[in-house]
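These notes concern the structure reproduced below.
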DNA sequence: GCTTGATCTGGAGCATGCTCCAGGTGTGAC
DNA sequence: GTCACACCTGGAGCATGCTCCAGATCAAGC
């Protein structure tokens, strides 16, 4: 009796992860995964728990703005095995810094936009008493 | 005596705003500005304070992730003049919601990445006592 | 006046990150 | 077996947002 190939089909993996099947295949082709995804006898991908966990991390990195190229670099380091932990750490730290900076910048800019929203709300609530409004408002 | 055309050259405007001259020309072409930028007698752009203030707002919208198309829509509303304030407000509110959602998502994902960073730091500090580490680390 | 460098226009090109397609094979219900 | 549908590969296409280029004109120091 042949051991059955376990794991999710690409469609199931995609819906579990919130990605498209095309994106999953693209990630594999582009070297973002730790290994070639295992296949069934007929050549269909079967995503195991480890694959799903890794891809979940990849989506976290991606959705915080890490470029594909850096995710690939990180995957390469992990694939290379023990001994480069400090390099992995450096990569993650650098990313963390970038994300924090971007968060701060977005929050600052959002504050300015909120101010603009406040101006419109005041104007709509009290259309008469419109103070000197800037030309670009 | 001809009144001199005032305002910053495109290079000065670009460096003031932190954009490239190409981007400024692109924004004008693409309808993101409130008006055609005034020109000197010879046809060179001269950015006035109002232009700069507006473009500064545009950069805040852009850097919080508003697509070009929506910025253009907003500019169209402002250009159309009084009477559509609630539509402008709706656009800004919708954007604000999106930004807040994205901020929350990024913060959540960053927390997961921070956890990973913590794992690497522990491992580097105490390489002996390495607990069962996940295969995808 | 000459030269160097800025600016102009219209349009092409490019980096990123998917997304879609054709043509073919596999799968599962009936 | 048949039908509908999922999956495969290699490669093309696309949306976004700039960025660059050619060829011409303008500006300013000497």
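Residue numbers (the working numbering), protein chains in the order written: chain A, 1 to 137; chain B, 138 to 274.
We put the beta carbon where it would ideally sit given N, CA and C, even for glycine.
Being a predicted model, the structure only gives us computed values, none of them experimental.
**Message:** I want to verify the contact list: residues of chain A whose CB lies under 7 Å from the CB of residue 249 of chain B, in sequence order.
**Reply:** To locate residue 249 of chain B, count along the second chain from 1; it is residue 112. Within chain A, the residues near residue 249 of chain B are 60.
**Request:** Indicate whether the contact test is met: 3 or more Cβ pairs, each with one atom in the stretch 84–94 of chain A and one in the stretch 213–226 of chain B, closer than 8 Å.
**Result:** no
**Item:** Cut-off 6 Å between Cβ atoms - residues of its own chain near residue 145 of chain B, not counting five sequence neighbours on either side
**Value:** In the second chain, the residue the question calls residue 145 of chain B occupies position 8. Around residue 145 of chain B: 184.
**Item:** At least 3 beta-carbon pairs within less than 8 Å: the stretch 155–166 of chain B vs the stretch 117–129 of chain A
**Value:** no
**Message:** Below 8 Å on the Cβ atoms is my contact criterion, and I expect residue 251 of chain B with residue 96 of chain A to pass it. Report the Cβ-Cβ distance as a whole number of Å.
**Reply:** In the second chain, residue 251 of chain B corresponds to position 114, counting from 1. In the first chain, residue 96 of chain A corresponds to position 96, counting from 1. At roughly 7 Å, the Cβ-Cβ gap stays under 8 Å, so residue 251 of chain B and residue 96 of chain A are in contact.
**Prompt:** Taking Cβ to Cβ, would you say residue 33 of chain A is nearer than 8 Å to residue 26 of chain A?
**Reply:** Here residue 33 of chain A is taken as the residue at index 33 of the first chain, counted from 1. Here residue 26 of chain A is taken as the residue at index 26 of the first chain, counted from 1. Cβ atoms of residue 33 of chain A and residue 26 of chain A: not closer than 8 Å.
**Prompt:** Would you say residue 139 of chain B faces chain A, with C-beta separation under 8 Å as the test?
**Reply:** As a first step, residue 139 of chain B must be located in the second chain, where it is residue number 2. Low local confidence applies: a pLDDT of 46 at residue 139 of chain B is under 50, so the model's placement there is unreliable, with the coordinate-based value given in what follows. Output row for residue 139 of chain B: interface = no.
**Request:** Within the same chain, show all residues whose beta-carbon is closer than 7 Å to that of residue 148 of chain B, passing over the 5 residues directly before and after it, in chain order.
**Result:** Counting from one through the second chain, the residue named residue 148 of chain B turns up at place 11. Excluding positions up to five away in sequence, the list reads 158.
**Prompt:** Within the 8 Å Cβ cut-off, does residue 109 of chain A reach chain B?
**Reply:** Counting from 1 along the first chain, the entry for residue 109 of chain A is found at position 109. So yes, residue 109 of chain A belongs to the interface.
**Message:** Residues in the same chain with beta-carbon distance under 6 Å from residue 208 of chain B, minus the five sequence neighbours each way, listed in chain order, please.
**Reply:** Position 71 of the second chain, counting from 1, holds the residue named residue 208 of chain B. Hits under 6 Å: 169, 195 and 198.
**Item:** Own chain partners of residue 189 of chain B with C-beta closer than 8 Å, once the 5 adjacent residues on each side are dropped
**Value:** Reading the second chain from its first residue, position 52 is the one you call residue 189 of chain B. Around residue 189 of chain B: 145, 150, 153 and 154.
**Request:** May I ask you to list, following chain order, the residues of the stretch 86–106 of chain A that have a beta carbon less than 9 Å from some beta carbon of chain B?
**Result:** 86, 88, 89, 92, 93, 95, 96, 99, 100, 102, 103, 105 and 106
**Message:** DSSP has residue 35 of chain A in a bridge; who is on the other side?
**Reply:** As a working note, residue 35 of chain A is residue 35 in the first chain. DSSP output for residue 35 of chain A lists no bridge partner at all.
**Message:** Quick check on residue 124 of chain A: buried or exposed, where buried means 16 or more other Cβ atoms within 10 Å of its Cβ?
**Reply:** Here the question's residue 124 of chain A lines up with position 124 in the first chain. Burial call: exposed.
**Asked** For residue 183 of chain B, which of helix, strand or coil comes out of DSSP?
**Response** As a first step, residue 183 of chain B must be located in the second chain, where it is residue number 46. Looking at residue 183 of chain B - three-state DSSP - the assignment turns out to be coil, as it is neither helix nor strand.
**Asked** Taking C-beta to C-beta, are residue 200 of chain B and residue 105 of chain A nearer than 8 Å?
**Response** In the second chain, the residue the question calls residue 200 of chain B occupies position 63. In the first chain, the residue the question calls residue 105 of chain A occupies position 105. Yes. Within cutoff.
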